[in-house]
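Participant: Residue numbers for the sequence shown follow numbering that gives the first Met the number 0, so the first one is 0 and each next one is one higher. The beta-carbon is built from N, C-alpha and C at its ideal position, and this holds for glycine as well. Quick caveat: nothing in here was measured; it's all calculated off a predicted structure.
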Amino acid sequence: MTCVYLGLGSNLGSAERQLRLALAALRTLPDTCLLQTAPFYRNEAWGRKAQPRFTNTVAAIQTRLSPQALLAHCHRIEHNQGRLREIKWGARTLDIDILLFGSLVMDSLNLTIPHPRLLERDFAYLPLLALNPHVTLPDGRLLSDALCF
0 MTCVYLGLGS NLGSAERQLR LALAALRTLP DTCLLQTAPF YRNEAWGRKA
50 QPRFTNTVAA IQTRLSPQAL LAHCHRIEHN QGRLREIKWG ARTLDIDILL
100 FGSLVMDSLN LTIPHPRLLE RDFAYLPLLA LNPHVTLPDG RLLSDALCF
């Protein structure tokens, strides 16, 4: 099984409830085990600023799913919770991003791993470091070293 870190965020409706529902849905994925979740973090929106604050967390899972299969499941969970993909970086009921997928590096049309903006987004790297302060990037560097902490 592969250890995967997922970033989850919401800023529409009851954000904490949306995240709890998403975590419950992740527990039902085939060949997947939810290991741990970070505390919830409140932060300003990234990209488009004129929108409600986000609530974010990171979940650690182990899975036998392929990256593409996991992405499809994440998109289904988002859709089931009312996610509309109308405005890039717009408000959303739920967003689930694959941050790290073991030591995998990939860049396809619809999926880049590690997440291409992981090192720029404190709402992703802070909860990730809260879960695992020694998390390693695919290039072998500690995430904390890559951030120059």
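Are the region 31–39 and the region 122–130 in contact at 8 Å, needing three or more beta carbon pairs?
Facilitator: Enough Cβ pairs lie closer than 8 Å, so yes.
Participant: Could you check where the beta strand (DSSP E) with leucine 99 kicks off and where it finishes?
Facilitator: Counting along the chain, the beta strand (DSSP E) containing leucine 99 begins and ends at 94–100.
Participant: Among Gly139, Ile76, Phe100, Gly101, which one has its Cα closest to the Cα of threonine 92?
Facilitator: The residue with the shortest Cα to Cα distance from threonine 92 is Ile76.
Participant: By the three-class DSSP mapping on this structure, what secondary structure does glutamine 150 have?
Facilitator: Absent from the model: residue 150. The displayed extent of the chain is 0 to 148, so no value can be given.
Participant: Which same chain residues end up closer than 6 Å to aspartate 94 when comparing Cβ atoms and leaving out the 5 residues on each side of it in sequence?
Facilitator: So the list reads Gly8, once near-sequence residues are dropped.
Participant: Short of 7 Å in beta carbon distance, which residues of its chain neighbour glycine 81, apart from the five on each side in sequence? Order them along the chain.
Facilitator: So the qualifying residues of the chain are Thr92.
Participant: I need the DSSP call for aspartate 144, collapsed to helix, strand or coil.
Facilitator: Helix.
Participant: To the nearest angstrom, report how far apart serine 143 and tyrosine 4 are at their CA atoms.
Facilitator: Each residue's alpha carbon lies about 15 Å from the other.
Participant: Please report the distance separating the alpha-carbon of isoleucine 112 from that of leucine 136.
Facilitator: Distance between the alpha carbons of isoleucine 112 and leucine 136: 10 Å.
Participant: Look up alanine 59 in the DSSP assignment and give the residues it is bridged to.
Facilitator: In DSSP, alanine 59 forms a bridge with Tyr4, Gln35.
Participant: Going by beta carbon distance, what residues of the same chain come within less than 7 Å of phenylalanine 100, once the five residues before and after it are set aside?
Facilitator: Taken in chain order, the residues that qualify are Thr1, Val3, Pro66, Ile112.
Participant: Can you tell which of Val104, Ala123, Arg120 has the C-alpha that lies nearest to the C-alpha of glycine 139?
Facilitator: The candidate whose alpha carbon is nearest that of glycine 139 is Val104.
Participant: Please report the straight-line C-alpha distance between leucine 110 and leucine 117, rounded to a whole angstrom.
Facilitator: Leucine 110 and leucine 117: Cα-Cα distance of roughly 14 Å.
Participant: Which of the three DSSP states, helix, strand or coil, is assigned to asparagine 109?
Facilitator: DSSP places asparagine 109 in coil when its eight states are reduced to three.
Participant: Just how far apart, CA to CA, sit arginine 52 and alanine 123?
Facilitator: Distance between the alpha carbons of arginine 52 and alanine 123 is about 14 Å.
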